[in-house]
Amino acid sequence: MAKISASVYTSHVPAIGAAIDLGKTEQEYWQPVFAGYDYSKEWIKENRPDVILLVYNDHANAFDSNFVPTFAIATGDEFKPADEGWGARPVPNVKGHSRLAAHIAQSVIQDEFDLTVVNTIDLDHGLTVPMSLMFGQPEEWPCLVIPIAVNVVLYPPPSGKRCYALGKALRRAVDSFDEDLNVQIWGTGGMSHQLQGPRAGLINREFDLDFLEQLIADPETLSQKPHIDYVRLAGSEGIELVMWLIARGAMNDEVVEKHRFYHVPASNTAVGHMILENS
Ligand code: DHB
Ligand code: FE
1 MAKISASVYT SHVPAIGAAI DLGKTEQEYW QPVFAGYDYS KEWIKENRPD VILLVYNDHA
61 NAFDSNFVPT FAIATGDEFK PADEGWGARP VPNVKGHSRL AAHIAQSVIQ DEFDLTVVNT
121 IDLDHGLTVP MSLMFGQPEE WPCLVIPIAV NVVLYPPPSG KRCYALGKAL RRAVDSFDED
181 LNVQIWGTGG MSHQLQGPRA GLINREFDLD FLEQLIADPE TLSQKPHIDY VRLAGSEGIE
241 LVMWLIARGA MNDEVVEKHR FYHVPASNTA VGHMILENS
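Numbering (my numbering), first residue to last: 1 to 279.
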């Protein structure tokens, strides 16, 4: 049977992708950011997933304001990196797992989460930057990926509670897939940041560190946090953190913390990263 063995959480700052692509990772500004992923690159070699359910958000690249699904699953076989205005990132195409994705769509929709099913989608920094942070710069990505897109760009975003419950439905879907697969679920985006308006540049270290702590120890209570608290305390883009609750919801209540990292700044964002395993 398929099984979720671990979850990875990470920010997806686009400038991190540019630093990798332009060979700047050893620069003084960037070195401490990438150092936080040294352990993770080794860990993922030892704990190679067959498939990643990669929960991310599109930033008006694939979905524009004409259609914005709250939750979408990509069921295609292969996805290209998106051109976000300066050409597509020089990273491999992402290969999907159509059969598992179709099973998840069926299971989760019958389980009362009405995912939008997407066949073709180009993937922006929300998905490709976490891949680069964890796997570096390989010729081909070493595993299959099912993109799960969440709207955190156009108001109203889904609640943390809904995201956490979706994680539980994804877990039931994976548990009922009849093929031996080592599955990871990743929650991406965050941590505190605001890109526009008078509060642009906002970072809230205390909020972020509490979030990491509570995500491990008491995700149920954390999932009750209203969206307005994210916006007020963690900035308008801090709402991306609800995606971490989807990944956490798919895990056991009790988890083993393998890695935790927090660093400010990277571009306009506080970078947070964690690896949790099911015991
Ligand atoms: C930045 C962070 C993001 O999450 C994003 O989507 C775009 C930009 C930034 O810090 O610059
Ligand atoms: Fe973002």
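Backbone N, C-alpha and C define an ideal beta-carbon position, used for all residues, glycine too.
Candidates the options, of which the one nearest residue i by Cα
| i | options | result |
| --- | --- | --- |
| Val91 | Ala74, Cys163 and Ser132 | Ser132 |
| Ala101 | Gln214, Ser7, Ile73 and Ser267 | Ile73 |
| Arg205 | Ala6, Ser223, Tyr230 and Pro226 | Tyr230 |
| Asp64 | Gly23, Asp124, Phe34 and Asp111 | Asp124 |
| Ser236 | Pro69, Met251 and Gln196 | Gln196 |
| Trp43 | Asp180, Val8, Thr116 and Pro198 | Val8 |
| Pro69 | Val118, Thr25, Gly76 and Gly23 | Val118 |
| Ala247 | Leu22, Gln184 and Gln137 | Gln184 |
| Ser5 | Gly272, Ala266, His273 and Glu257 | Glu257 |
| Met251 | Ile109, Pro147, Cys163 and Arg48 | Cys163 |
Burial state of residue i, where buried means 16 or more other Cβ atoms lie within 10 Å
| i | result |
| --- | --- |
| Leu212 | buried |
| Trp186 | buried |
| Thr286 | Outside the modelled stretch of the chain, which goes from 1 to 279, sits residue 286, for which no answer is possible. |
| Ile275 | buried |
| Asp208 | buried |
| Ala60 | exposed |
Rounded Cβ spacing between residue i and residue j (contact assumed at less than 8 Å)
| i | j | result |
| --- | --- | --- |
| Gly36 | His263 | 6 Å |
| Ala234 | Ser192 | 4 Å |
| Gly126 | His12 | 5 Å |
CB contact flag (residue i, residue j, <8 Å)
| i | j | result |
| --- | --- | --- |
| Met1 | Phe177 | yes |
| Pro156 | Val150 | no |
| Asn57 | Val153 | yes |
| Asn182 | Lys3 | yes |
| Val129 | Leu54 | no |
| Val255 | Glu277 | yes |
| Met243 | Gly189 | yes |
| Lys161 | Ser223 | yes |
Distance cut-off 7 Å: residue i Cβ against heavy atoms of the ligand NAP
| i | result |
| --- | --- |
| Gly17 | By its list of ligands, the structure shown excludes the ligand NAP, since it contains just the ligand DHB and the ligand FE. |
message: With three or more beta-carbon pairs closer than 8 Å as the criterion, would you say the segment 169 to 176 touches the segment 78 to 98?
response: no
- Query: Any contact of the segment 140 to 157 with the segment 26 to 40, i.e. 3+ C-beta pairs under 8 Å?
  - Reply: no
Counting pairs of Cβ atoms below 8 Å between the segment 80 to 90 and the segment 212 to 228, do you hit three or more?
no
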